[in-house]
Amino acid sequence: MTSAHTPESLGSGSGSADIDTRSPNGSAGVGIRVTNLSKTFASQAGKVTALANLDLEIEASEIVALLGPSGCGKTTTLRCIAGLETPDSGAVEILGRQVVNTAEGVAVAPEKRDLGMVFQSYALWPHMTVFANVAYPLRRRKVDKAEIGDRVHDILTMVGCGQFVDRYPGQLSGGQQQRIALARALVGNPSVILFDEPLSNLDAKLREQMRFELLELHERFRFAAVYVTHDQVEAMTVAHRIAVMRIGRIVQLGAAREVYDRPTDRGVADFMGAATFIPGTVRSADGERVLVDTALGEMRALAVDSAATTAGDEVEICARPEQVRLRATSDDTAPAAGYHWVEGQLQHSSFQGGQMVRLVAVNGVTIRVDTSSGMSDSEEARFTSGAIMLGLPMDSLYVYS
Ligand SMILES: Nc1ncnc2c1ncn2[C@@H]1O[C@H](COP(=O)(O)OP(=O)(O)OP(=O)(O)O)[C@@H](O)[C@H]1O
Ligand SMILES: [Mg+2]
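Take numbering that gives the first Met the number 0: the last position of the sequence shown gets the number 400, and nothing is skipped along the way.
So this is what it looks like as structure tokens:
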């Protein structure tokens, strides 16, 4: 099977404080364009805002993950793109074709939107065999019977489930059902696939394997995708860009590394991985460079929004655990430059397989430090109890208000 559209090179997007929700390659290769989408629901407690003027552009053959806390509007976004929900206002285009536009009264039926969907609950029909489940989208489109047979066979082989054609979903494991659901979404070779937490029912190991399998399938089919997940590692693995949502809006959009290394607000910093926040007061600000008085002493850090950061501001400095360095108090070599070196007391350390996680108290602030667990025993022995030196990297400490 070949794809109808060509692969595009994928850029990293913008991700500045002023969120640029356009696709990195401009309008020529736009797979999905969501414009000004709003949706409220009526509930007993009053109106619930699910989406608030959401904009998003996804390139043809790009995967964008929607990441955010429960209730922030991820599923509602997918349902509006799919046509399972009607937005209060806004528009959605798929490969340049408008599928919904509330101002112009456009609303294309879900089955005519050229998209596949994969949900958390697999949503396979229990009374149909694997073959019939996967053939379903092609039957609806009245594809020739012989061709249906070939395509279903091909796609099932590709997802490693060729031997299950005659089984019913109830006779398959969770991972096998998940692959069948993927096959069903892919069989019609849609330009767009919507994933709503598709792997969350699987155990950790299988989930990780399926993420990579999904990327292989994407290499082959080059669909554009919106991939909803709660799991930031999953988002970083499968997506070209990550959109972090909060209360019906996208608050940051960018490549994984960009969103992780340079979150534009405290909420994103906290959501994207482990972080220690050190409270303090801005002493002086010179462009991006700021000096902050903290319980650890005066610290140099960087302002995310330099225009809005001034002396006297109460702020928090964000430190990522894997960027903090360790040093024995007995070490008499010169400490590395570019770090704030402070002395603390080791409170806890925990071996977590690939990494060691340590909590170190410094003047009443608990700082998390992650190191690879691959240190030698003698090296490790220097950091097992008592006083310990921590190095906080000045060039990657960001300040949030
Ligand atoms: N049919 C509905 N009726 C009333 N409120 C709804 C309906 N569907 C969604 N909501 C509300 O809209 C908001 C967004 O819901 P949505 O399902 O999009 O969240 P989500 O980001 O997918 O969350 P989760 O991660 O828990 O799946 C929530 O506050 C939810 O309660
Ligand atoms: Mg949801």
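Glycine included, each C-beta is placed from N, C-alpha and C at the ideal position.
- prompt: Within 10 angstroms of its Cβ, does leucine 83 collect 16 or more other Cβ (buried), or is it exposed?
  reply: exposed
- prompt: Based on Cα-Cα distance, which residue from Leu290, Leu205, Ala302 lies nearest to histidine 282?
  reply: Going by the sequence as given, residue 282 is arginine instead of histidine. Nearest C-alpha to arginine 282: Leu290.
field: histidine 339, enclosing alpha helix (DSSP H) - first and last residue
entry: Looking at the DSSP string, histidine 339 is not in any alpha helix (DSSP H); the run it does join, the beta strand (DSSP E), is 338-351.
- request: Could you name the residues whose beta carbon sits closer than 7 Å to any heavy atom belonging to ligand 2, keeping them in chain order?
  value: Lys73, Thr74, Asp195, Glu196, Val227
- request: Using beta-carbon positions only, say whether alanine 180 and alanine 122 come within less than 8 Å of one another.
  value: yes
task: Identify, in the order they occur along the chain, each residue of the same chain with its Cβ nearer than 8 Å to the Cβ of glycine 114, setting aside the five sequence neighbours on each side.
output: At residue 114 the sequence reads leucine, which differs from the glycine that was named. Excluding positions up to five away in sequence, the list reads Ile80, Ala81, Ile93, Pro189, Ser190, Val191, Ile192, Leu193.
- prompt: What whole-angstrom Cβ distance do isoleucine 366 and alanine 318 have, given they're in contact under 8 Å?
  reply: Their Cβ separation, rounded to whole angstroms, is 7 Å, which keeps isoleucine 366 and alanine 318 in contact under 8 Å.
message: Give me the residue from Ala333, Pro86, Ala49 with the minimum Cα distance to isoleucine 246.
response: Ala49
message: Please classify proline 168 as buried or exposed, where buried requires at least 16 other C-beta atoms within 10 Å of its C-beta.
response: buried
message: I believe valine 341 touches valine 361 by the beta-carbon criterion, under 8 Å. Please report the beta-carbon distance rounded to the nearest angstrom.
response: 5 Å
query: With burial defined as no fewer than 16 other Cβ atoms inside 10 Å of the residue's Cβ, what is the status of serine 120: buried or exposed?
result: Result: exposed.
- prompt: What number of angstroms, rounded off, separates the C-alpha of proline 334 from the C-alpha of alanine 386?
  reply: If I take the Cα positions, the gap works out to 16 Å.
task: Output the distance between the C-alpha atoms of valine 398 and glycine 296, rounded to the nearest integer angstrom.
output: 15 Å
task: Please state whether DSSP places serine 172 in a helix, a strand or coil.
output: Look at serine 172 here: in three-state DSSP terms it is coil, with no helix or strand label.
field: Anticipated Cβ contact below 8 Å, proline 392 with tyrosine 338, distance rounded
entry: 6 Å
field: Contact with chain B by aspartate 292, beta-carbon distance below 8 Å
entry: Of the chains in the structure shown, none is chain B; there is only one protein chain.
Exposed unless 16 or more other CB atoms sit within 10 angstroms - verdict on glutamate 218: It counts as exposed.
query: Any idea what DSSP makes of asparagine 188, helix, strand or coil?
result: coil
- request: Using DSSP bridges, identify the partner residues of methionine 388.
  value: Arg326, Glu342
task: Could you tell me which residues DSSP puts in a beta bridge with methionine 298?
output: Val291
query: Taking all protein chains shown into account, do 16 or more other C-beta atoms lie within 10 angstroms of the C-beta of phenylalanine 222, making it buried, or fewer, making it exposed?
result: buried
- prompt: Which residues share a DSSP beta bridge with lysine 46?
  reply: Ala41
- prompt: Within 7 Å: the Cβ of valine 91 and any heavy atom of ligand 1?
  reply: For ligand 1, not one heavy atom lies less than 7 Å from the Cβ of valine 91.
query: Does the distance from the C-beta atom of valine 29 to that of leucine 53 stay below 8 Å?
result: no
Cα-Cα separation, valine 63 to threonine 332: In this structure, the CA atom of valine 63 is about 46 Å from the CA atom of threonine 332.
message: Less than 7 Å separating the Cβ of phenylalanine 40 from some heavy atom of ligand 1?
response: Because some heavy atom of ligand 1 lies under 7 Å away, the Cβ of phenylalanine 40 counts as near it: yes.
- request: Would you check if the stretch 230-240 and the stretch 39-49 touch, i.e. whether three or more CB-CB distances between them fall below 8 Å?
  value: no
Contained alpha helix (DSSP H) runs [length at least 4] in the stretch 107-141, N- to C-terminal order: 129-139
- prompt: Which residues bound the alpha helix (DSSP H) around leucine 402?
  reply: Outside the shown range of the chain, which is 0 to 400, sits residue 402, and nothing can be said about it.
field: For leucine 198, the three-state DSSP class (helix, strand or coil)
entry: coil
message: I'd like to confirm the pairing. Which residues does DSSP put opposite aspartate 285 in its beta bridges?
response: Per the DSSP secondary-structure output, aspartate 285 pairs in a beta bridge with Arg288.
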